[in-house]
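Participant: Structure incoming, see below.
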């Protein structure tokens, strides 16, 4: 392939992604869903004007890395400390209940071969996909009603962030077990070794970077060095620890989320993300979609998957909130707010696909989950808030 | 190659490019020279920690496309109309004198096999490399002295822009002749066909885009659609007209340079450029550099190349200015201001290398030209202005 030949593919991808994304937003669906559908449209499934290629998969991998880095950068550690313990418990329960329920669902459908078997691992992975909350849509709905700064809103927000961190630790564990010969003790050692190393080293990097950021604020070198750090951590995680590169990228984001220019770095990274790499990732999922494999069983599994994923968060987080003396309706609000899934669930699914852990058919279930949860959550929240309103804060322009 | 494996290469490239670029700036050399040296340092020539790869060459191609698109976007057509004719003549002479002198230099060194021969084509290509002025350094020097808005400064600026346009038409012609079987008439037809089509179609696109930009100013879709347009034009130029993709990208930039959000698009494209793609291009030149092939003849040729390239612009543009009744010193100022070469010369050289028109050794000559002209021009201009000062405008902060 000559270098210029990829230009047409990229142009078609980013233009169709934008168009379908905007269309999706107009019908109140998440933009990523529009981007995936764009991929189905232009891919081998339908029009066949763009084919998946190794080159596109590299762009798409960089897209995922940038999304995870950005998610890390947007973490507000100060805010977390404040609403700390309650949100932490809700997040923990909100990770483990879906994890167990997801694994149970898979086992119910496909049977159980004992702990450590391939089926056990697949079941765990299906559970993993269910863990990651993407609160973007919830936040928007709460903002619209002017209740984001309320106790419920803040609890959801903090719990969703902690949920990401715990989710990624769980994913890291599960993925490290992919090699059937690996002992649990080695896996644990590797994961904790990586986490410990990156937090100790991360602290040193943070201190250095902070000093240096204060010396050269808002210069181009800041996002460039930050991005290099992200790439290096992602590479080191995968190459030397057998840990997913997205974990490395996310940790790089967390290391830098408290430097003064974190928002500046995030903006620059996002420009790269939304103009090039992220659409290639989401459209790429559509390109790789093969609708011919869909049968009754897959559809049944997908519907069950969606129901379990949503109920597990609703009930898990709701019950956890109940332990902290939230009122009944507030518990349901928190549970409902945590139901939405988005990019991260897709990223985990894609990781599983590319490692051959799960077959491509499962992405249908995940896409269905994203669409359903994104539509139901805001409607449900509005109902709950109209039944039991909170003192509404000023809808400030600021 | 697994997708994550490229992350380390990219990280090493962008970090070393930034570091060496800043170092170069500190010693008053152009930053791109620092980036090329970074490539020599980390490449097979010395440390050998990054090797050129097909993946990197795709990133680097996109880098070139973005640089040329940005150059097109930054064209100020209004400004051109004002200082129009004089600048046009200076630019024409400033393109053709170096073109002829460069070809003559090659012929003097390596002989002449008749018109249409391979040697003739190579000679023309060497001339092409000499045509493109990069006035960045001149502009900075004039700004520093507060004389950019003077008559000489404005003439240099306009001439340099027109020079780019004529240069790219000439390059397009020369490259289209690469196929020895191609008739001059077919080449002419293709080039003019493409130019005519892109200007007619470009006018329609411009009108549509302008309307639409006014409806959705400063939204993400603007730079995304603009970028797609650039990629599509680049692809169509290369695939259907046999014209360099960089020509297509440059024309896409010119088509959009008058929409209200041109600067906004340029900023977004530049973020992608400077964070990822452009450093990969410049470092890539260093990576591909093979210093082992350098011998006495190459060194002699390089020195002659630098001298001819600089004198051809100085004398050509100076004499042309003389026809418009500029004073003697002002003519020298204009000639000196047009001497600097930069990115575009490198891009043309790289095009020639990748098409096998010229051997890799010649990039040494071009790099030497960039370094020499960038150092001599500002010093020379300062001397000229201190001898014959212009009314200095306010050095405004605005």
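Residue numbers (my numbering), protein chains in the order written: chain L, 60 to 457; chain P, 60 to 457.
Cβ atoms here follow ideal geometry from the backbone N, Cα and C, with glycine treated the same way.
Model, not experiment: these values are computed from the prediction.
When we look at the beta-carbon of residue 379(P) and count the other beta-carbons within 10 Å, is it buried (16 or more) or exposed?
Facilitator: Taking the second chain and counting its residues from 1, one reaches residue 379(P) at position 320. That one is buried.
Participant: Alpha carbon to alpha carbon, what distance is there between residue 81(L) and residue 157(P)?
Facilitator: Against the second chain, residue 157(P) aligns to sequence position 98. Against the first chain, residue 81(L) aligns to sequence position 22. About 50 Å.
Participant: Ordered along the chain, which non-local residues of its own chain (more than five positions away) have a Cβ less than 7 Å from that of residue 285(L)?
Facilitator: Reading the first chain from its first residue, position 226 is the one you call residue 285(L). The answer, listed in chain order, is 315, 324.
Participant: Tell me which same chain residues have a C-beta within less than 7 Å of the C-beta of residue 166(P), skipping the five on either side of it?
Facilitator: Counting from one through the second chain, the residue named residue 166(P) turns up at place 107. Same-chain partners within the cutoff: 182.
Participant: Measure the Cβ-Cβ separation of residue 117(P) and residue 65(L) and say whether it is below 8 Å.
Facilitator: Here residue 117(P) refers to the residue found at position 58 of the second chain. Here residue 65(L) refers to the residue found at position 6 of the first chain. Yes, Cβ-Cβ distance for residue 117(P) and residue 65(L) is below 8 Å.
Participant: List the residues of chain L whose Cβ lies closer than 7 Å to the Cβ of residue 327(P), in chain order.
Facilitator: One-based indexing of the second chain puts residue 327(P) at position 268. Residues of chain L passing the Cβ test: 330, 334.
Participant: Strictly under 8 Å for the Cβ-Cβ distance: is residue 77(P) near chain L by that measure?
Facilitator: As a working mapping, residue 77(P) is identified with position 18 in the second chain. With 8 Å as the cut-off, residue 77(P) counts as an interface residue toward chain L.
Participant: Any C-beta of chain P within less than 7 Å: which residues of the segment 270-297 of chain L qualify?
Facilitator: 279, 280, 282, 283, 284, 286, 287, 290, 291, 293, 294, 297
Participant: With 8 Å as the limit, tell me which residues of the segment 120-144 of chain L have their beta carbon closer than that to any beta carbon of chain P; keep them in chain order.
Facilitator: 120, 121, 124
Participant: Identify which residue in 392(P), 199(P), 261(P) has its Cα closest to the Cα of residue 449(P).
Facilitator: By one-based count along the second chain, residue 449(P) stands at place 390. The shortest C-alpha separation from residue 449(P) is found at 392(P).
Participant: Can you give, in chain order, each stretch of the alpha helix (DSSP H) that sits fully within the segment 296-367 of chain L and has at least 4 residues?
Facilitator: 304-315, 321-331, 337-347
Participant: Using a Cβ cut-off of 8 Å, pull out every chain P residue sitting near residue 339(L), in sequence order please.
Facilitator: Walking along the first chain from the start, residue 339(L) turns up at place 280. Here the premise fails: no neighbours, minimum Cβ distance about 12 Å.
Participant: Would you say residue 191(P) touches the ligand MG, meaning its beta carbon is less than 7 Å from a heavy atom?
Facilitator: Ligands in the displayed structure: none, and consequently the ligand MG is not present.
Participant: The alpha helix (DSSP H) that contains residue 411(P), what's its start and end?
Facilitator: For this step, residue 411(P) is matched to residue 352 along the second chain. 402-413 is the extent of the alpha helix (DSSP H) around residue 411(P).
Participant: Should the segment 212-222 of chain L be regarded as contacting the segment 191-201 of chain L, the criterion being three or more beta carbon pairs within less than 8 Å?
Facilitator: yes
Participant: Verify the CB distance criterion: does residue 176(P) have a CB-CB separation below 8 Å to chain L?
Facilitator: Looking up residue 176(P) in the second chain gives position 117. It does not; no Cβ of chain L falls within 8 Å.
Participant: Can you check whether the C-beta of residue 67(P) is within less than 8 Å of a C-beta belonging to chain L?
Facilitator: By 1-based counting over the second chain, the position of residue 67(P) is 8. Yes, because at least one Cβ of chain L sits closer than 8 Å to the Cβ of residue 67(P).
Participant: Between residue 74(P) and chain L, is the shortest Cβ-Cβ distance under 8 Å, so that the two count as touching?
Facilitator: Working through the second chain from its first residue, we reach residue 74(P) at position 15. Judged by the 8 Å Cβ criterion, residue 74(P) is in contact with chain L.
Participant: Assign residue 221(P) to one of three DSSP states: helix, strand, or coil.
Facilitator: By 1-based counting over the second chain, the position of residue 221(P) is 162. Here residue 221(P) sits in helix by DSSP.
Participant: Using C-beta distances below 6 Å, list every residue in its chain close to residue 160(L), excluding the 5 sequence neighbours before and after it, in chain order.
Facilitator: Within the first chain, numbered from 1, the residue matching residue 160(L) stands at position 101. Here the set comprises 367, 371.
Participant: Name the two residues that bound the continuous alpha helix (DSSP H) containing residue 192(L).
Facilitator: As a working note, residue 192(L) is residue 133 in the first chain. Where residue 192(L) is concerned, there is no enclosing alpha helix (DSSP H), given that its DSSP letter is neither H nor E.
Participant: Could you have a look at residue 417(L) and say whether DSSP puts it in helix, strand or coil?
Facilitator: Your numbering for residue 417(L) matches position 358 in the first chain. In the structure shown, residue 417(L) sits in coil (DSSP, three-state: anything other than H, G, I, E or B).
Participant: Suppose contacts are defined by Cβ-Cβ distances below 8 Å. Is residue 178(L) in contact with residue 186(L) by that definition?
Facilitator: Position 119 of the first chain holds residue 178(L). Position 127 of the first chain holds residue 186(L). No. Outside cutoff.
Participant: Might you give, ordered along the chain, the residues of its own chain that have their beta carbon closer than 7 Å to the beta carbon of residue 225(L), omitting 5 neighbours on each side?
Facilitator: Numbered from 1 along the first chain, position 166 holds the residue referred to as residue 225(L). Closer than 7 Å at Cβ, skipping near neighbours: 150, 151, 154.
Participant: Taking the alpha-carbon of residue 75(L) as reference, which of 398(L), 427(L), 343(L), 419(L) has the nearest alpha-carbon?
Facilitator: The sequence position of residue 75(L) within the first chain is 16, counting from 1. The shortest Cα separation from residue 75(L) among 398(L), 427(L), 343(L), 419(L) belongs to 343(L).
Participant: Taking Cβ-Cβ distances shorter than 8 Å, what residues in chain P pair up with residue 235(L)?
Facilitator: The residue you call residue 235(L) lines up with position 176 of the first chain. Under the 8 Å cutoff, chain P gives no residues; its nearest Cβ is about 15 Å from residue 235(L).
Participant: Select from the segment 105-118 of chain L all residues with a C-beta closer than 7 Å to any C-beta belonging to chain P, and list them in chain order.
Facilitator: Contact annotation: in the segment 105-118 of chain L, residues whose CB is within less than 7 Å of a CB in chain P are 114, 116, 117.
Participant: Which same chain residues end up closer than 7 Å to residue 413(P) when comparing Cβ atoms and leaving out the 5 residues on each side of it in sequence?
Facilitator: Counting from one through the second chain, the residue named residue 413(P) turns up at place 354. Cβ neighbours of residue 413(P) within its own chain (closer than 7 Å, five residues either side excluded): none.
Participant: Between residue 109(L) and residue 346(L), how many whole angstroms is the CB-CB distance? I'm expecting something under 8 Å.
Facilitator: In the first chain, residue 109(L) corresponds to position 50, counting from 1. In the first chain, residue 346(L) corresponds to position 287, counting from 1. Yes, residue 109(L) and residue 346(L) are in contact; Cβ-Cβ is about 6 Å, under 8 Å.
Participant: Please go through the same chain and pick out, in chain order, the residues whose beta-carbon is closer than 6 Å to the beta-carbon of residue 446(P), but skip the five residues on each side of it.
Facilitator: As a working note, residue 446(P) is residue 387 in the second chain. So the list is empty, once near-sequence residues are dropped.
Participant: Is residue 164(L) closer than 8 Å to residue 217(L) when the C-beta atoms are compared?
Facilitator: Position 158 of the first chain, counting from 1, holds the residue named residue 217(L). Position 105 of the first chain, counting from 1, holds the residue named residue 164(L). Contact flag unset, no.
Participant: I need the straight-line Cα distance from residue 406(L) to residue 333(L), nearest angstrom please.
Facilitator: Stepping through the first chain from its first residue, residue 406(L) is reached at position 347. Stepping through the first chain from its first residue, residue 333(L) is reached at position 274. Distance from the CA atom of residue 406(L) to the CA atom of residue 333(L), rounded to whole angstroms, is 16 Å.
Participant: Residues in its own chain within less than 8 Å of residue 442(P) by CB, not counting five upstream and five downstream?
Facilitator: Sequence index remark: in the second chain, residue 442(P) carries index 383 (1-based). Here the set comprises nothing.
Participant: Looking at the structure shown, is residue 128(P) part of a helix, part of a strand, or coil, going by DSSP?
Facilitator: For the purposes of this step, residue 128(P) is taken as the residue at position 69 of the second chain. DSSP places residue 128(P) in helix when its eight states are reduced to three.
Participant: Identify whether residue 387(L) lies in helix, strand or coil by the three-state DSSP scheme.
Facilitator: Taking the first residue of the first chain as 1, we reach residue 387(L) at position 328. If DSSP states are grouped into helix, strand and coil, residue 387(L) belongs with the helices.
Participant: According to DSSP, is residue 255(L) part of a helix, a strand, or is it coil?
Facilitator: Indexing the first chain from 1 puts residue 255(L) at position 196. The answer is helix: DSSP assigns residue 255(L) an H, G or I state.
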